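FYI, in the UniProt record's numbering the residues of the sequence shown are 1 to 224.
Cβ atoms here follow ideal geometry from the backbone N, Cα and C, with glycine treated the same way.
Note that the structure is a prediction, hence the values are computed from the model and not measured.
Have a look at the structure below before the remarks.
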Amino acid sequence: MKKRKPILSEVAPGELWIEFPIKTIDPRIQRYFEQLESRLSNWSKEQGFRLHTVYTYFAMSVRFNHFQIGNKVMKEYISSILSVLEFDRTEMIPMNERIKQIPVSYGGECGPDLTVVADRCGLTTKEVIQIHSEPLYFVYFLGFLPGFPYLGGLDARIHTPRRSVPRNQVTAGSIAIGGEQTGVYPVESPGGWHVIGKTDVKMMGPSNEPFVRPGDWVQFVPTS
Numbered sequence: 001m002k003k004r005k006p007i008l009s010e011v012a013p014g015e016l017w018i019e020f021p022i023k024t025i026d027p028r029i030q031r032y033f034e035q036l037e038s039r040l041s042n043w044s045k046e047q048g049f050r051l052h053t054v055y056t057y058f059a060m061s062v063r064f065n066h067f068q069i070g071n072k073v074m075k076e077y078i079s080s081i082l083s084v085l086e087f088d089r090t091e092m093i094p095m096n097e098r099i100k101q102i103p104v105s106y107g108g109e110c111g112p113d114l115t116v117v118a119d120r121c122g123l124t125t126k127e128v129i130q131i132h133s134e135p136l137y138f139v140y141f142l143g144f145l146p147g148f149p150y151l152g153g154l155d156a157r158i159h160t161p162r163r164s165v166p167r168n169q170v171t172a173g174s175i176a177i178g179g180e181q182t183g184v185y186p187v188e189s190p191g192g193w194h195v196i197g198k199t200d201v202k203m204m205g206p207s208n209e210p211f212v213r214p215g216d217w218v219q220f221v222p223t224s
């Protein structure tokens, strides 16, 4: 269907923008971007130049040295891929090797906002923990902070608006809810999401390798 085809546009010399017109959070869009990214990466290596891709829920930025390859050539090549790359409508099935388990201590000093979320949603803290830890969360992309995963799949029963007053400091490893999303703070940072738990997992390794990558799945495992 045409409405599932992304729109390609120029941002500046050395940058193109690919965006889906329908703003529906869907892991299959990420799968589409992964396939596009793979083809672009292979082609750039064959041609002897570097490119950098960044994608979000609905769009991808492709950056390159326009002195090495012009916008026109890059745009023509991407257009040729988009003309044949199909949007896969099959259901996403998590592969075991891409499921990352994150142990979580919920509530108390580790999750000072757990009771706030429970009260706002009309649930007990035990129910919030159960609801939060049941799903597999798809990693759409990393952003905001190095290694911060934007996760899809938070149950609507525990959607909670961001705090009216953000904290000046949120501890590294904090598990939090903000609106329709949940995530893990990889480093100490200011933040406006509701902190419901904490993990000892290092979201960024000593060599700056993230614990999770786009396309992975996250499973929160209660430890308390």
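Which one of the options has the shortest CA to CA distance from residue i?
{"i": "residue 141", "options": "31, 17, 16 and 20", "result": "31"}
{"i": "residue 117", "options": "177, 212 and 155", "result": "177"}
{"i": "residue 184", "options": "63, 50, 150 and 85", "result": "150"}
{"i": "residue 186", "options": "126, 201 and 196", "result": "201"}
{"i": "residue 25", "options": "152, 50, 37 and 164", "result": "152"}
{"i": "residue 163", "options": "11, 179, 155 and 86", "result": "179"}
{"i": "residue 105", "options": "130, 87 and 84", "result": "130"}
{"i": "residue 181", "options": "101, 137, 172 and 197", "result": "137"}
{"i": "residue 119", "options": "194, 174 and 36", "result": "194"}
{"i": "residue 174", "options": "35, 11, 199 and 45", "result": "199"}
{"i": "residue 135", "options": "21, 207, 220 and 85", "result": "220"}
With a Cβ-Cβ cutoff of 9 Å, do residue i and residue j count as a contact?
{"i": "residue 139", "j": "residue 218", "result": "yes"}
{"i": "residue 6", "j": "residue 19", "result": "yes"}
{"i": "residue 203", "j": "residue 147", "result": "yes"}
{"i": "residue 145", "j": "residue 128", "result": "no"}
{"i": "residue 40", "j": "residue 69", "result": "no"}
{"i": "residue 55", "j": "residue 214", "result": "yes"}
{"i": "residue 53", "j": "residue 67", "result": "no"}
{"i": "residue 86", "j": "residue 60", "result": "no"}
Thinking residue i and residue j are a contact (beta carbons under 8 Å), I'd like their distance in whole angstroms, please.
{"i": "residue 223", "j": "residue 112", "result": "At roughly 17 Å, the Cβ-Cβ gap does not stay under 8 Å, so residue 223 and residue 112 are not in contact."}
{"i": "residue 8", "j": "residue 82", "result": "6 Å"}
{"i": "residue 239", "j": "residue 98", "result": "No information on residue 239 is available, as it lies outside the stretch 1 to 224 that the chain covers here."}
{"i": "residue 190", "j": "residue 166", "result": "6 Å"}
{"i": "residue 58", "j": "residue 74", "result": "Residue 58 to residue 74, Cβ: 21 Å. No contact."}
{"i": "residue 109", "j": "residue 71", "result": "The Cβ separation is near 53 Å, so there is no contact."}
{"i": "residue 132", "j": "residue 196", "result": "7 Å"}
Secondary structure, alpha helix (DSSP H): runs of 4+ residues fully inside the region 27-87
27-47 and 71-84
Could you tell me which uninterrupted alpha helix (DSSP H) segments, each at least 4 residues in length, are contained entirely in the region 118-182, listed from first to last along the chain?
125-133
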